[in-house]
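In my numbering, the protein residues as written are 3 to 276.
Here is the structure:
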């Protein structure tokens with residue numbers, strides 16, 4: 003299996019320089035915006051209030067969205083960006099949207115039964131809006147531009163893996179305000195590593211789905227399902243260490259799914275044919 007023609011609108015004639023430029027602009031906008039939100043508090047020697055910390059993330063969403071649109075226009079593929087959002091795909095692919103919530107609920111159910119009832123899932127329904135917003139905006143850059151550009155000279159899996167690691171790193175300014183428990187204190191490193199493992203696995207699933215369908219909308223919906231599931235269902239009565247542990251368990255289940263897809267797809271990870 004190779005990427006469908008609709009999934010590869012990007013051409014990068016000079017190695018990975020345009021891709022590197024995309025990430026530089028993306029990170030500059032997102033991290034610069036995050037700094038602008040918290041800088042007034044830091045300059046006054048104040049602790050960053052919870053609300054200010056939460057405002058970091060919506061500001062950061064502008065990075066991949068704006069960079070994706072700008073670079074698509076630079077490559078003459080802006081129309082393709084919107085066309086791929088309208089690309090139809092078989093309805094059976096919608097079943098993939100159930101993977102994140104099903105795995106989160108399964109992991110938390112096991113933890114409730116075997117470890118502590120405090121791992122019971124939350125029901126923060128407003129979190130759905132967080133997922134939808136993140137999915138719609140971020141994927142304009144990550145899947146709309148970055149993945150096709152990276153996949154020009156790599157097979158699907160390495161391209162998705164690189165993007166997943168960079169995506170994880172992109173969250174760094176907001177990481178202490180993500181999750182139901184924050185700040186993470188002494189569990190910060192453990193939480194970030196577990197979070198990165200989750201994000202990288204989800205990114206591979208998103209890229210795989212996109213490579214099979216050419217649908218940017220499906221990528222946006224899967225991202226929304228992933229983020230929404232974590233925001234809505236993350237248990238709120240556990241410690242920071244416990245949150246890192248259950249994230250790690252969730253990451254393990256996602257990587258099992260990724261490994262199964264890798265094994266069953268076989269040629270899905272062959273170098274893209276031009």
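Glycine included, C-beta positions come from ideal geometry on N, C-alpha and C.
### Message
So, with DSSP's three-state summary, where would you put residue 188?
### Response
It is helical.
### Task
Output the distance between the C-alpha atoms of residue 243 and residue 39, rounded to the nearest integer angstrom.
Roughly 27 Å between the two C-alpha positions.
### Min CB distance residue 191 to chain D below 8 Å
The chain inventory of the structure shown lacks chain D, comprising one protein chain alone.
### Task
Would you check if there are 3 or more beta carbon pairs closer than 8 Å linking the stretch 132-150 to the stretch 226-234?
Contact between the stretch 132-150 and the stretch 226-234 is present, with at least three C-beta pairs closer than 8 Å.
### Message
For a quick check, are the C-beta atoms of residue 144 and residue 169 less than 8 Å apart?
### Response
Yes, the Cβ-Cβ distance between residue 144 and residue 169 is below 8 Å.
### Message
Report the CB separation of residue 249 from residue 193 in whole angstroms; it is logged as a contact under 8 Å.
### Response
Yes, residue 249 and residue 193 are in contact; Cβ-Cβ is about 7 Å, under 8 Å.
### Query
Do residue 31 and residue 175 have their CB atoms nearer than 8 Å?
It is not a contact, given that the beta carbons lie outside the stated cut-off.
#### Entry: Spatial neighbours of residue 211 in its chain, beta-carbon cut-off 7 Å, leaving aside the 5 residues before and after
95, 98, 220, 221 and 224, listed in sequence order.
### Message
Pairs of beta-carbons, one from the stretch 48-55 and one from the stretch 119-129, closer than 8 Å: are there three or more?
### Response
Segment contact: the stretch 48-55 against the stretch 119-129, fewer than three CB-CB distances shorter than 8 Å; contact not assigned.
### Query
Apart from the five residues on each side of it in sequence, which residues of its chain come closer than 7 Å, Cβ to Cβ, to residue 217?
Hits under 7 Å: 86, 89 and 91.
### Message
Quick check on the burial criterion: 16 or more other C-beta atoms within 10 angstroms. Buried or exposed for residue 172?
### Response
Counting Cβ neighbours within 10 Å, residue 172 comes out buried, since at least 16 surround it.
### Query
How close, in whole Å, do the beta carbons of residue 235 and residue 83 come, if the pair is a contact with beta carbons under 8 Å?
About 31 Å; that fails the 8 Å criterion.
### Task
Pull up the CB-CB distance for residue 163 and residue 200, whole angstroms please, since I reckon it's below 8 Å.
Actually they do not touch by this definition, with Cβ atoms about 14 Å apart.
### Query
By Cβ distance, which residues of its chain are closer than 7 Å to residue 152, with the 5 residues on each side in sequence left out?
Excluding residues within five positions, the ones whose Cβ falls inside 7 Å are 21, 161, 164 and 165.
### Query
Exposed or buried, residue 141, counting other C-beta atoms within 10 Å across all chains shown (16 or more means buried)?
When all chains shown are included, residue 141 counts as buried.
### Task
To the nearest angstrom, report how far apart residue 204 and residue 232 are at their CA atoms.
Roughly 12 Å separates the two Cα atoms.
### Message
So, at 6 Å on beta carbons, what are the nonlocal neighbours of residue 182 in its own chain, with the 5 sequence-adjacent residues on each side left out?
### Response
Same-chain partners within the cutoff: 236 and 238.
#### Entry: CB of residue 68 within 8 Å of CB of residue 35, strictly
Contact flag unset, no.
### Under the three-state DSSP convention, the category residue 157 falls into
Residue state, collapsed to three classes: strand.
#### Entry: Contact under 8 Å by Cβ, residue 196 with residue 253
Contact flag set, yes.
#### Entry: With 16 other Cβ atoms within 10 Å as the buried cut-off, status of residue 258
Classification of residue 258: exposed, given that the 10 Å Cβ count is below 16.
### Message
Tell me which residue opens and which closes the alpha helix (DSSP H) that residue 106 is part of.
### Response
Note, residue 106: alpha helix (DSSP H), 101-116.
#### Entry: residue 247, DSSP secondary structure in three states
Residue state, collapsed to three classes: helix.
### Backbone secondary structure at residue 43 - three-state DSSP
Helix, per DSSP.
### Own chain residues within Cβ distance below 7 Å of residue 33, not counting five before or after
Closer than 7 Å at the Cβ level, and outside the excluded window around residue 33, lie 175.
### Message
Among 133, 246 and 213, whose alpha-carbon lies nearest the alpha-carbon of residue 188?
### Response
Of 133, 246 and 213, the residue nearest in Cα terms is 246.
### Message
When you compare the CB positions of residue 147 and residue 25, do they come within less than 8 Å of one another, or not?
### Response
Not closer than 8 Å, so no.
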